[in-house]
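Step one of this worksheet: look at the structure below.
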Amino acid sequence: MTEGEQNSETKPRDRKLGDEWLDWKGAANQAELETDERLRTFLTLAAAAILIIVASIQLGWYLTKPRFEQISPSLSTVIEWSAFVLAIVLLAVIAVETVLLLKFRRSIFPYVWAERLLLFLLSKSMWLGEKFGISKDRVGNSFIKAHNLVVKSHASAVRADTLLVLLPRCLEKEARRQVIERANGRAVQVVTAGGGEEARKAIKNSRPSLIIAIACERDLISGIRDVAEKIPVLAIPNKRPEGPCKNTHFQLDDLDDALQFITDRTGKKAEDEKLGS
0 MTEGEQNSET
10 KPRDRKLGDE
20 WLDWKGAANQ
30 AELETDERLR
40 TFLTLAAAAI
50 LIIVASIQLG
60 WYLTKPRFEQ
70 ISPSLSTVIE
80 WSAFVLAIVL
90 LAVIAVETVL
100 LLKFRRSIFP
110 YVWAERLLLF
120 LLSKSMWLGE
130 KFGISKDRVG
140 NSFIKAHNLV
150 VKSHASAVRA
160 DTLLVLLPRC
170 LEKEARRQVI
180 ERANGRAVQV
190 VTAGGGEEAR
200 KAIKNSRPSL
210 IIAIACERDL
220 ISGIRDVAEK
230 IPVLAIPNKR
240 PEGPCKNTHF
250 QLDDLDDALQ
260 FITDRTGKKA
270 EDEKLGS
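Quick note, in numbering that gives the first Met the number 0, the sequence shown goes up one by one and the last residue is 276.
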């Protein structure tokens, strides 16, 4: 029997796996079934990644410093102090940003900058988490909490006049009914996407100003990387009691919170327009 035939036999036949789960063989661990990771997991890994980056820069300088001192002692001193001050400023800015997000739901960065910083730290946190035995689903779940926090902290910059709700094809009927029920009476388009390509097509066709996406952490992160810098995304991770890509559901409170955020934004916008007229 060839290796390809062996792999095909180990893959589950009771579901159509999404692109992010093609390597899944049917034996799900807890993180693949249901993940509710604390926000501090991503924050801790991101902080550790920043410290490693700063330490690596300092180590690089330590190794090259003798060469610079041979060229120009004064130049060496300027570079050394510049690197030191830059490291202190970087750490201070990240610390202030974290405190503002957690305590006051505010950010010192523009929305796009904050998203880029998060995505930069995500890849480093995934790598670091793997070294400590933390699965990418757990890191991803924690990252999504941080991402949603960033979106909500930039409420003044978020337009909620055109809303798209993206659902996965694996969502169970009752969960789908609950989404449609809550969408009734709102200016909301609900679309079921069978994968990343269909999701991108739905976004292109509807041109939303805000997206609520329900999916697994892997698909959500892929989508956030694709569009979040241009269109804010409120991400809701699903629950997978039967493993990925089959009869999934989600925490209804997460959807209610997202819709409440949109309602508050719409009301604030109407109030601002009334005051400005």
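The beta-carbon is built from N, C-alpha and C at its ideal position, and this holds for glycine as well.
Whole-Å CB distance - residue i paired with residue j, under 8 Å assumed
i, j, result
"Ile-133", "Thr-40", "7 Å"
"Ser-208", "Asp-160", "6 Å"
"Arg-14", "Ala-154", "Wrong, their Cβ atoms sit about 38 Å apart, outside the cutoff."
"Ser-141", "Glu-36", "4 Å"
"Thr-247", "Glu-171", "7 Å"
"Val-150", "Pro-231", "5 Å"
"Ala-212", "Leu-148", "That pair is no contact at about 16 Å."
"Gln-57", "Ala-82", "7 Å"
"Leu-89", "Val-53", "7 Å"
"Thr-34", "Glu-241", "Not quite, the Cβ-Cβ distance comes to about 15 Å (not below 8 Å), so this is no contact."
Short CB-CB distance (under 9 Å) between residue i and chain C
i, result
"Arg-239", "In the structure shown, chain C cannot be found, because there is only a single protein chain."
Pick from the options that is closest to residue i, judged by C-alpha positions
i, options, result
"Ile-162", "Phe-108, Phe-131, Ile-202 and Ala-214", "The question names Ile, yet the displayed sequence has Leu at residue 162. If we check each option's Cα against that of Leu-162, Ile-202 comes out closest."
"Arg-185", "Leu-258, Leu-62 and Leu-89", "Leu-258"
"Val-138", "Ser-152, Lys-123, Gly-194 and Leu-148", "Lys-123"
"Cys-169", "Ala-145, Asn-237, Leu-121 and Val-149", "Asn-237"
"Ser-205", "Glu-216, Ala-212 and Gln-188", "Gln-188"
"Lys-102", "Ser-152, Ala-174, Leu-233 and Pro-72", "Ser-152"
"Glu-173", "Arg-158, Leu-251 and Ala-86", "Leu-251"
"Leu-121", "Ile-107, Pro-109, Tyr-110 and Ala-145", "Ala-145"
"Pro-243", "Ala-214, Arg-105 and Ala-234", "Ala-214"
"Arg-176", "Gly-193, Leu-254, Glu-216 and Glu-196", "Leu-254"
"Lys-135", "Pro-240, Phe-260 and Leu-44", "Leu-44"
"Phe-119", "Ser-106, Leu-42 and Val-157", "Leu-42"
"Gly-194", "Ser-73, Ile-210, Asp-218 and Arg-181", "Asp-218"
"Gly-59", "Glu-79, Ile-70, Thr-191 and Ala-192", "Glu-79"
"Val-157", "Glu-228, Val-77 and Ser-71", "Glu-228"
"Ile-235", "Arg-105, Val-77 and Pro-167", "Pro-167"
"Ser-75", "Ile-87, Ala-86, Tyr-61 and Leu-85", "Tyr-61"
"Trp-23", "Arg-181, Glu-197 and Lys-245", "Lys-245"
"Leu-38", "Leu-21, Ile-87 and Leu-100", "Leu-100"
"Phe-260", "Phe-249, Arg-239 and Ile-210", "Ile-210"
Residue range of the unbroken alpha helix (DSSP H) whose run includes residue i
i, result
"Gln-69", "38–70"
"Val-149", "135–152"
"Val-111", "110–130"
"Val-189", "Here Val-189 belongs to no alpha helix (DSSP H); instead the beta strand (DSSP E) covers 187–192."
"Ser-205", "195–205"
"Glu-180", "172–182"
Residue range of the beta strand (DSSP E) that includes residue i
i, result
"Leu-233", "232–238"
"Leu-209", "209–214"
"Leu-165", "162–167"
**Message:** Assess contact between the region 48–57 and the region 112–129, defined as three or more Cβ pairs (one per stretch) separated by less than 8 Å. Is contact present?
**Reply:** yes
**Asked** Is the region 108–125 in contact with the region 210–228, if contact means three or more CB pairs nearer than 8 Å?
**Response** yes
**Message:** Check whether the region 91–100 and the region 56–66 are in contact - that is, three or more C-beta pairs closer than 8 Å.
**Reply:** no
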